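Beneath this line is the structure, given in structure tokens, with notes to follow.
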Amino acid sequence: MKTVILCCASLEKEVRLAMARKEISYPLHILTDNNHDVPNRLREAIQRELDGIQDADRVLMAFGTCGGAMVGLRTGNFQLILPRVDDCLSLLMGSMEQRYAALQGGFGIFLTESWLSSSRSMENELERIRRVYPPKRAETIIRLMYRNFDSLNVIDTGAYPVESILPRTQALAEQLHLTYRVVPGDSRYLETLLAGPWDAGRFICIPENTVITDADVLLPPAAGK
119 MKTVILCCAS LEKEVRLAMA RKEISYPLHI LTDNNHDVPN RLREAIQREL
169 DGIQDADRVL MAFGTCGGAM VGLRTGNFQL ILPRVDDCLS LLMGSMEQRY
219 AALQGGFGIF LTESWLSSSR SMENELERIR RVYPPKRAET IIRLMYRNFD
269 SLNVIDTGAY PVESILPRTQ ALAEQLHLTY RVVPGDSRYL ETLLAGPWDA
319 GRFICIPENT VITDADVLLP PAAGK
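In structure tokens, the structure reads:
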């Protein structure tokens, strides 16, 4: 059975690390379209990638359900396996429960090297706001944008030297007056995605030539959310 992996670009380093640990060499397709904040556009980008897969029996999706972006996707002549988590952050933390436990009852921002390097990173967004608006107005906008968050959490996934981004992320936390933490990632969910088993409680298994529905992507309640 031929298997391929479709991976969100923000997870590429972590997926490659998991592949090395499990000694897996499946073809890896990277989705570079940065549309995570617009589910319809993300769905369209993923569907284009799926439509281009012609010779696989199984596609492993290194994504979360991403705000409903997976609903409406159609599989081709292959089975699709998708983690039963809300987004990539929970996948990197090992589960939704571990992600929300790390927040200690609060509301936090999570970052990795990939998110920090994105063209739509927090750094770039803050710079854009300060460039476009007068100083006082810019700081008001930034304060309102982040008023519901109380922490900034850097995920040490093991796929990059976390110390290389600490000065930049600490500076962001100071700018936004957020509690700063470095939290350990957990690669076991990703490794299970690559190697199985895919039990229904943790993975969504979609047969070939099937449209994904809302019922397919129901998530378990996350402790502490």
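So the sequence shown is numbered by my numbering: it starts at 119 and just counts up by one.
All C-beta atoms, glycine included, are put in the ideal place defined by N, C-alpha and C.
Being a predicted model, the structure only gives us computed values, none of them experimental.
Answer yes or no: do residue i and residue j have a C-beta to C-beta separation smaller than 8 Å?
i	j	result
R176	M119	yes
M214	L124	no
A174	L149	no
I324	G190	no
N327	R299	no
M287	L229	In the sequence on display, residue 287 carries Thr and not Met. Going by C-beta atoms, T287 is nearer than 8 Å to L229.
I107	V301	Any property of residue 107 remains undetermined from this structure, which presents the chain solely from 119 to 343.
L294	Y264	yes
L221	S269	yes
E132	A313	no
C184	P201	no
Just the Cα atoms here: how many angstroms apart are residue i and residue j?
i	j	result
E231	A219	22 Å
P338	R217	14 Å
T275	R134	12 Å
A291	R249	20 Å
G194	Q165	10 Å
L129	A256	31 Å
S239	R159	18 Å
A198	D334	According to the sequence displayed, residue 198 carries Leu and not Ala. If you take the alpha carbons of L198 and D334, they lie about 12 Å apart.
L336	G212	18 Å
I322	Y307	13 Å
W316	E245	42 Å
R139	C206	19 Å
M188	R320	16 Å
P285	G226	19 Å
Y144	S237	28 Å
G342	T297	Low confidence applies to G342: its pLDDT is 47, below 50, so where it sits in the model is not reliable, and the reading given next is rough at best. Near 18 Å, if we compare the C-alpha coordinates of T297 and G342.
T258	E162	35 Å
G170	A318	27 Å
P253	A289	18 Å
Quick one, which of the options has its alpha-carbon nearest residue i's?
i	options	result
F267	R248, G223, Y278, V122	G223
L146	V335, L168, D317	L168
D204	G194, E257, G186	G186
I142	L311, W316, I322, L336	L311
S208	I247, L221, G182, I227	G182
N242	F225, I260, G226	I260
Q172	T121, R161, E162	T121
V280	G303, T258, L262	G303
Where do the N-terminal and C-terminal ends of the alpha helix (DSSP H) with residue i fall, by residue?
i	result
Q216	214-220
Q293	284-294
Between which two residues does the beta strand (DSSP E) holding residue i run?
i	result
P302	297-302
V177	176-180
V122	121-126
key: Ranges of the alpha helix (DSSP H) found wholly within the stretch 250-278, counting only runs of at least 4   = 253-263
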